[in-house]
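Numbering (the working numbering), first residue to last: 39 to 267.
Idealized CB from N, CA, C, for every residue including glycine.
All figures in this text were calculated on a predicted structure; none of them were measured in a lab.
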């Protein structure tokens with residue numbers, strides 16, 4: 039039986055891909071580089087952010103030297119628009135369904151905790167999530183390393199859950215990798231920060247285009263197994 043659904047935040051619960059792209063392009067222009075298209079962004083976006091920059095063909099040493107400035111400029115462009123970002127289609131419906139089924143939901147993210155919590159309040163969906171696992175304010179770990187997998191692993195251990203009782207939902211290859219490494223069920227959602235081609239290449243257990251599709255997956259996973267005598 040599924041007892042926990044761990045959702046990524048950016049591009050999964052909230053529809054902020056184009057907002058993020060605009061902020062990214064402002065960073066690129068600030069440093070004298072050409073802006074990129076949505077298709078290019080989805081093709082290259084990765085975590086750590088340093089890896090994303092290298093994938094775009096930029097000098098890793100340049101990124102290391104300007105990482106703090108890069109983050110400052112990005113947030114200065116992203117934050118004003120972040121306040122207007124809405125949930126993805128079907129988010130509230132699936133969260134309400136999971137609540138009725140008494141299935142715990144949490145957020146695990148590379149984003150900043152206060153930012154996530156502010157939008158949860160603004161969107162009226164805070165009540166659906168038991169926990170936000172993400173970065174503290176002024177932390178820039180996401181630029182140079184991955185970390186949210188360990189946050190989730192520690193939480194699972196504390197809750198004494200088995201991996202097969204957990205579904206991980208995300209819009210990037212990172213969430214699929216985490217689910218596969220953990221042995222959890224992986225659900226990739228298109229239309230976020232990675233291309234559908236990249237998601238398919240990772241072979242998630244399920245590929246969806248709308249969060250409401252998660253309902254049939256939960257029903258399927260919770261269906262009693264028939265033993266063949």
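- Assignment of beta-bridge partners to residue 52 by DSSP yields 48, 125.
- Per DSSP, residue 208 is not a residue of any alpha helix (DSSP H); the beta strand (DSSP E) it occupies stretches across 204 to 208.
- Pairing residue 195 with residue 189, the inter-Cα distance amounts to about 10 Å.
- Beyond the five residues adjoining it in sequence on each side, residue 230 comes within less than 7 Å, by CB distance, of 49, 50, 55, 209, 210 in the same chain, given in chain order.
- Per the Cβ contact rule, the region 112 to 124 is not in contact with the region 201 to 221 (fewer than 3 Cβ pairs under 8 Å).
- Rounded to whole angstroms, the gap between the alpha carbons of residue 228 and residue 126 is 11 Å.
- Taken through DSSP and simplified to helix, strand or coil, residue 223 comes out as strand.
- For residue 43, the beta-bridge partners assigned by DSSP are 143, 205.
- In this structure, residue 167 sits near residue 143, with a CB-CB distance shorter than 7 Å.
- The C-beta separation of residue 147 from residue 172 comes to about 4 Å, placing the pair in contact by the 8 Å criterion.
- Residue 124 places its beta carbon 7 Å or farther from that of residue 61.
- Per DSSP, the beta-bridge partners of residue 173 are 150.
- One thing to note: residue 243 has its Cβ within 7 Å of the Cβ of residue 223.
- Per DSSP, the unbroken alpha helix (DSSP H) holding residue 92 starts and ends at 87 to 93.
- A straight-line Cα-Cα distance of about 6 Å links residue 151 and residue 174.
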